[in-house]
Structures are given as C-alpha cells and as structure tokens.
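Peer 1: Pasting a structure below so you can have a look.
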Amino acid sequence: MKEEKKFQAESKELLGLMINSIYSNKEVFLRELISNASDAIDKYKFTAIQSEGKLPIKDYFIRIDKNQEQRYLQVQDNGIGMTKEELEKNLGTIARSGTKEFLKKYEEMKEKKEDVDLIGQFGVGFYSAFMVAKKIEVYTRVYGGKTHLFASDGVESYTVEDIEDESIIPDSGTIVRVYLKDDTDEEKYGAYLLDYSIEDLVKRYSDFIRYPIKMVETHKEDDLDEEGKPIEGKTHDVTEDKTLNSMVPLWKKNKKDVTDEELYEFYKSRFDDYEDPLIALNIKAEGTLEYSALIFIPSHAPYNLYSQDYEKGLALYAKGIFISEKNKDLVPDYLKFVRGLVDSEDLSLNISREMLQKSPLLSKMAKNIEKKIVEKLKELKENDYEKYLKFFQVYGDFLKFGIYSTYGAKKDDLQDLLVFDSLLSEKKISFKDYVDKLKEDQKNIYYASGKTKESILMLPEMKHYKDAGIDVLLLCENIDEFTLQVLGDYASHSFKNITEEDKDSLSDDEKKQIEDLVNNNKRFVDDMTSSLKGKVDEVTFSLKLGDAPVSISSKNGLSLNMENTLNNQAEARKEPESKVKATKVLNLNPNHPLFEKISKVQDEEEVKKIASVLYDEAMMLEGFEIEDKQEFLKNLNDLLTKAY
Ligand code: ADP
Ligand code: MG
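Residue numbers for the sequence shown follow the working numbering, beginning at 641 and rising by one.
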C-alpha cells in the first residue's frame, strides 16, 4: 500500500531553500548522508551489545554505489534502520533543534542582506541531499521488521510504501538513493557519479568515520601476454572494492598529526556549526586515567543556551563505541556552553546508562577536563587578550556564575579569569591589573554598578574618583555584584561599592564637617527624612558629589542594583514574599547652590515636594526609572511655578 503525505510546514521551508539551493558547496550533502549512516550503525552497535544476543553483532559498513544510466548515487548502511513511524517522523518533519536554529539564522541573515553562503557550512542534515537531487528514495528496515520505501521530490509531499522484496536489505539498515538533477551550465551534478570526486569528498569530510566507507572502483589495467608483460594499447576494466576512509577517529590520531584546521572542520560537521570554534582542545590523558577528548568552545553561544531546554554535556564513547550524545556529568554547569566528546579506554561497555552516571571514573574525567579548560582559558588570556575578550564577551557571565553558584569554592580557579570595564582603562581589566595599579595607600578595590557603562559613568560619586585618579570597576551585569560579594576580597583588598555609604573612608575633618552640617540643618534634614519615609532610611550629606545636588546610596551590603535584581527575580518566580529591601541613604550636596535655597524652606508641604523631586532625581542618576511619573511632573511644575 502506498500512502501520500504532506511535509510539515517547517520542513517545506527548509526544503524550499535546498531545492533553490542557495549554497555553493552543495557537496556537503554527502557528508550529511554518511554521518547519518554512521550514527545509524552506532545506534545498532550499542543496542546489539545491550541486547544479550537478541540482535546479532555484524560486520558494519557504509557503502556508496552509483548508477550511471539512472543517474543515482546511493549511501547504504547496515545500521539500526527505521520503522515506518520513524521514517515519517524523522524525514517528514524537522525534529532537530539545530535545523530550527539554522532557519532562524537564515532569516536573520537574509534580513540583514548578509552573505547567505556562509550558512552553507551548516549541517542541515538529510534534507541537504535535495540540493543535488530531483528525487530521493529511502529504503529502510529495522531488525526483524519489514522494508519500507520513502520517496519524495522534496517539494510538497512524500510517499511511503511497504516493500515485499526482502533481498534489498537482508537484515537491517538503510539505503538513501539520490537521483541527481540534470546538469546545467553552472552546475555539473553528474560529477557526483565520478569515482575520484566521491573519493575526494569522503577523504575531505568523512575520513574519521569509524566504519569502512566502501565503494566499487573501476580502473583500467593493461592486458598481459603469456609472459605476463603488458600488451601495448590493450587494456581491460578492473573493479575492486575499496575502503575510502582511514577510519581512525580524529581524537585517536597522534596529537601532532592533527592540525587546528582539521579540528575546526571536525567540530563544524560533528556539532552542526557554520563557524569555526573559538577554542579547540585536543586532550590525550594517559596514566591512571586514560581517555581522549576533543573540546570546543563555539564562537557564538548556541541560540538556546539561556533557555530551560538547553542540554549541556559532552558526547561519550567507550573504547571508540558511541554511548550517548550529551553526558551532562562531564561538564560543570558553568561550562555548559562547551561542546565536544570524550572517549574512555576504561569504561566498560556492558554497564547500563544509569550505572554509568554514577561511575567514579566519569567524575574523575570531568574534573580533569574542567581543569584543562580553565588552564586553556588562562593561557588564552595571557597570550591573546583580544581573543580572550571575545570569549569573555560571550561567556564571561558563566564564569561569574561558576564562582557565585559554588559559593566561592571555585574562587581560586576562576577569579583571575574575570575582567571588567573600568573608569580609567579603555579595555577590560582583571582584578590583578587593578591591584597592580593601586594608588599609594589605597586599600580597597572600588566598583560601581548599573545597567550600562555610560549610566555608571554618570553617577555623581564618579567625579571624585576620576579627579583623584583612582580606578573604579564598572559592573554592568546583574550577576557582577553578587559575584564580588561571594569573593569578598581579592589579594586581601576588599571590594567597595562607591555608592555605598562608607564612613571609614572619610578623614576626621570630613566626618566633623558632615556632623556639623547635619546639626546645623537639623530641622530641614528631619523634614526631608519624614517626607521620604518608606523610601529612604536616612538623609545626610556627602562631600563627594561633584556637580550633582543629591545622590542615593545604600548601606549594609545590599546595593540598589542587587535589590532590583533580586526583586525582579522574585517577581518572575511569583514569590513576592521573598522580595528584599536595601537600606537607602539620600545624600545632599552642601556645596550645590540648590542646597542653600531649599534648606531655608519652612513650609512642610513644600519640603515634601522638594524631597520627592530630589529623590526621583537621585534614583534617575542611579539608572532607575521614576516610579510615579505623574507625581514627579506635578511636583516639578508646582516648584517651577513657585520659583518664578
Ligand atoms: P540528524 O542526523 O542531525 O538527527 P538528519 O536530518 O540528518 O538530522 O536526520 C534526521 C533523522 O533521520 C536522524 O536523526 C535519524 O533518526 C534519521 N535517519 C537519517 N538517516 C538515517 C539512516 N541512514 N539510518 C537510520 N536513521 C536515519
Ligand atoms: Mg544527520
């Protein structure tokens, strides 16, 4: 029985792209088909080992065949195969998140009119065969099941039917038969039927596939006479079965024989990326713990890195046999953006996946890998700061998270990897850079936080530090201040928020000045304090405000930005009871002309309005929104009317 089905909408979109093939390197289709064949054998092999003899162990192979008359090229494997349901689900719809990402990226690039060809390096899977095919047939069979045939021209629909002939696939596996498009002036699709171009493609893209990729090759040999000497001008065709790939997986090769380019190419095809990775690590651990690992840091964050459904992990192999695609125990949360694979010589294949999770070997490897990644990052920071900054731009917050979420346990490993903008330097600097340039008798590491670098630089407190030539770290990410709080200090230098009230840093003379100001303006300060009840806890004076009439600061360790972050999170979690409150101090600038005027105002209603406007102004300077804009404008207008 033959059924006709329509492709799912997303599939149709992708197929449309493939058929109108926007790419110049259409040849990647072969890599994709071979990689699917290899995956299918991996799956079979793993299932067979676990099946206690129910599935026979086989001689695994991938075979490429071509047919000149019918102009088709086919890739055959004796792997797991697909049931009818799987056939429809896997080839009729797009289940892969990677492909969805591709579509999104493609739309973005089209909008920005960027070069869409770049995206041709994306691993777009099975559908990429439609770049070169006018029709594709897939014969497939699972062990003990029937053979099914999927056929499609890749436009609207596909058909699925049962095949009675059991000889096409004797036990299990899949044949993907690609009927090539007709040659055009620009594109010679027929070239994919030539032995040497197939061989070349396999060598280039699929050499490390761990199963033999076989092909029958035909070449001419001289005819021989009775004495075994060649007869001039007479040849005959010889066909022989040839294995095209070297089969040594990249990670098993000698480290010195593997170039960065090879690692990059491997990364792109194995992990479906269109960009070279930022960092590639080729690890060979020997001794008590024996494993090989290839670890990559993508140049761009995976699109769903911040979403709930992002899965971290490294692919796991045991003695070269694929076990699982994402073993999450192999990387800590704060490095969840790394991709890669680990092949262990010591893991037993016969243990179940659940047992594997608990294997102490895994956690040893994980620790080891983590250490290597951190070392590599330190090295990069030393040797190529520009590239490190690129890394930090994308993933810096994860390192902070590593410190924060482990309550400082990873402090020694990670604190030197952090870099921040600063008041006095153009590029981001580390704590060490900061401490190296401390002013004489400067004890603290000063910082200020806010939404953007620009808004932090506008803080009234900043002028004092700028004038004094004291550097200030500018913290723009929500997690920054929390991280510093967990760190507590760096090389015995405490972190100090410049907007946090800090009486200790005042000279005796300054303390006295402020005390006098409060005493001499007691009535006004009291009126201000009671007007702002519930909003601020104290009204006082600051001598460091530069041109600003007021500022707002916090005390007791919880800054305004931390309060804001925590409360936003509480709101997002719908837990209003876990909201927090920072202790706020409104600082008046005694040297601002405004102070002389307002301190004389007697009318209580009037003071209320002034207090309210000044509070809003101070909050605005800190980078916050005015809470009640109506009220603010009304007060401002009243005060202006009065003034003129
Ligand atoms: P991916 O390989 O990344 O999952 P593809 O588009 O290449 O995406 O393939 C889609 C799915 O089709 C695969 O996940 C697999 O389940 C199935 N598939 C494709 N080729 C084969 C094959 N040769 N044998 C068995 N299943 C296959
Ligand atoms: Mg694939």
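Even for Gly, the Cβ is constructed at its ideal location relative to N, Cα and C.
Excluding five sequence neighbours on each side, which residues of the same chain lie with their C-beta closer than 7 Å to the C-beta of V715?
Peer 2: Within the same chain, V715 has close Cβ partners L673, I674, A677, I702, I704 and V816.
Peer 1: Rounded to whole angstroms, what's the CA-CA distance from D679 to F1032? Just pull it up for me.
Peer 2: D679 and F1032: Cα-Cα distance of roughly 34 Å.
Peer 1: Would T780 and S651 qualify as a contact pair, given that the criterion is a beta-carbon distance under 8 Å?
Peer 2: No, Cβ-Cβ distance for T780 and S651 is not below 8 Å.
Peer 1: Which residue wins for smallest C-alpha separation from T1223, given the options A1212, K1237 and M1202?
Peer 2: The shortest C-alpha separation from T1223 is found at M1202.
Peer 1: Of all the options S1194, H940, K892 and M1098, which has the alpha carbon lying nearest to the alpha carbon of E926?
Peer 2: Nearest option by C-alpha distance: K892.
Peer 1: I want to know whether the region 1119-1132 touches the region 1042-1062 - three or more CB-CB distances under 8 Å.
Peer 2: With a cut-off of 8 Å, the region 1042-1062 and the region 1119-1132 count as touching, because enough Cβ pairs lie within range.
Peer 1: Does the beta-carbon of E965, which I'm using as the reference point, lie nearer than 7 Å to any heavy atom of the ligand MG?
Peer 2: It does not: the Cβ of E965 is nowhere closer than 7 Å to a heavy atom of the ligand MG.
Peer 1: For L918 versus K1016, is the C-beta distance shorter than 8 Å?
Peer 2: For L918 and K1016, no; Cβs fall outside 8 Å.
Peer 1: Going along the chain, which residues of its own chain have a beta-carbon closer than 6 Å to the beta-carbon of N944, five neighbours each way excluded?
Peer 2: Once the five neighbours on either side are set aside, the close Cβ partners of N944 are Y950.
Peer 1: For the alpha helix (DSSP H) that M771 lies in, which residues bound it at each end?
Peer 2: M771 -> no alpha helix (DSSP H), and no H or E assigned at all.
Peer 1: Rounded to whole angstroms, what's the CA-CA distance from I1192 to V982? Just pull it up for me.
Peer 2: Between I1192 and V982, the C-alpha separation is close to 53 Å.
Peer 1: Any heavy atom of the ligand MG inside 7 Å of the beta-carbon of N730?
Peer 2: Answer for N730: no, Cβ out of range of the ligand MG.
Peer 1: Have a look at the DSSP bridge pairing and note the partners of F1135.
Peer 2: Answer is I1085.
Peer 1: Quick one: grab the DSSP three-state call for Y603.
Peer 2: Examination of residue 603 is not possible in this model, given that the chain is present from 641 through 1284 alone.
Peer 1: Would you report the Cα separation of F1038 and E1121, rounded to the nearest angstrom?
Peer 2: Cα to Cα, F1038 sits roughly 14 Å from E1121.
Peer 1: Please give the ranges of any alpha helix (DSSP H) in the region 666-730, keeping only runs that are unbroken, at least 4 residues long and fully inside the region.
Peer 2: Within the region 666-730, the complete alpha helix (DSSP H) runs of at least 4 residues are 668-690.
Peer 1: Output needed for D881: all residues of its chain with C-beta closer than 6 Å, excluding positions within five of it in sequence on either side, in chain order.
Peer 2: If we look at D881 and ignore the five residues flanking it on each side, its Cβ neighbours are K854 and V856.
Peer 1: Using the C-alpha atoms, what's the distance from V772 back to L731?
Peer 2: About 17 Å.
Peer 1: CB-CB under 6 Å to F962, same chain, minus the five flanking residues each way: which ones, in chain order?
Peer 2: So the list reads D682, once near-sequence residues are dropped.
Peer 1: Report whether the distance from the Cβ of N676 to the nearest heavy atom of the ligand MG is below 7 Å.
Peer 2: Because some heavy atom of the ligand MG lies under 7 Å away, the Cβ of N676 counts as near it: yes.
Peer 1: For a test of the three-state rule: what should DSSP assign to L1115, helix, strand or coil?
Peer 2: L1115 falls in the strand class under three-state DSSP.
Peer 1: Should K1051 and V1059 be called a contact, given that it needs their Cβ atoms to be closer than 8 Å?
Peer 2: Not in contact: K1051 and V1059 (Cβ atoms no closer than 8 Å).
Peer 1: Among residues of its own chain, excluding the 5 on either side of T687, which ones have a beta-carbon nearer than 8 Å to its beta-carbon?
Peer 2: Hits under 8 Å: L695 and I720.
Peer 1: Beta carbon of V842: closer than 7 Å to some heavy atom of the ligand PLP?
Peer 2: For the ligand PLP, the structure offers nothing, since it holds only the ligand ADP and the ligand MG.
Peer 1: Count the CB pairs spanning the region 1067-1084 and the region 1103-1118 that are closer than 8 Å, and state whether there are at least three.
Peer 2: They touch, by the three-pair rule.
Peer 1: Which ranges does the alpha helix (DSSP H) cover as unbroken runs of at least 4 residues, wholly within the region 1151-1177, from first to last along the chain?
Peer 2: Fully enclosed alpha helix (DSSP H) runs of 4 or longer: 1162-1171.
Peer 1: Quick check on N665: buried or exposed, where buried means 16 or more other Cβ atoms within 10 Å of its Cβ?
Peer 2: Exposed, because fewer than 16 other Cβ atoms sit within 10 Å of the Cβ of N665.
Peer 1: Tell me the rounded alpha-carbon separation between G638 and S909.
Peer 2: Nothing about residue 638 can be reported from this structure: the residues present for the chain run from 641 to 1284 only.
Peer 1: Let me know if A1108 comes out buried or exposed under the rule of 16 or more other beta-carbons within 10 Å of its beta-carbon.
Peer 2: By the 10 Å Cβ count, A1108 comes out exposed.
Peer 1: Any contact of the region 800-818 with the region 840-851, i.e. 3+ C-beta pairs under 8 Å?
Peer 2: These segments do not touch.
Peer 1: Is it right to say E1265 is buried, meaning 16 or more other beta carbons lie within 10 angstroms of its own, or is it exposed?
Peer 2: When all chains shown are included, E1265 counts as exposed.
Peer 1: Is there contact here, the region 1226-1239 with the region 1178-1191, by at least three beta-carbon pairs under 8 Å?
Peer 2: At 8 Å Cβ cutoff, the stretches touch.
Peer 1: Should E672 be listed as close to the ligand ADP, given that the test is whether its C-beta is under 7 Å from any heavy atom?
Peer 2: Yes, the ligand ADP has a heavy atom inside 7 Å of this Cβ.
Peer 1: Please check the pair L743 and E653, which I expect to be a contact at CB under 8 Å, by giving their CB distance rounded to whole angstroms.
Peer 2: Indeed, because the Cβ distance is near 6 Å, the residues count as touching under 8 Å.
Peer 1: How far does the alpha helix (DSSP H) with Y1284 in it reach, from first residue to last?
Peer 2: Per DSSP, Y1284 belongs to no alpha helix (DSSP H) and is neither H nor E.
Peer 1: Comparing the CB of A688 with every heavy atom of the ligand ADP, is any distance shorter than 7 Å?
Peer 2: A688: no, Cβ never under 7 Å from the ligand ADP.
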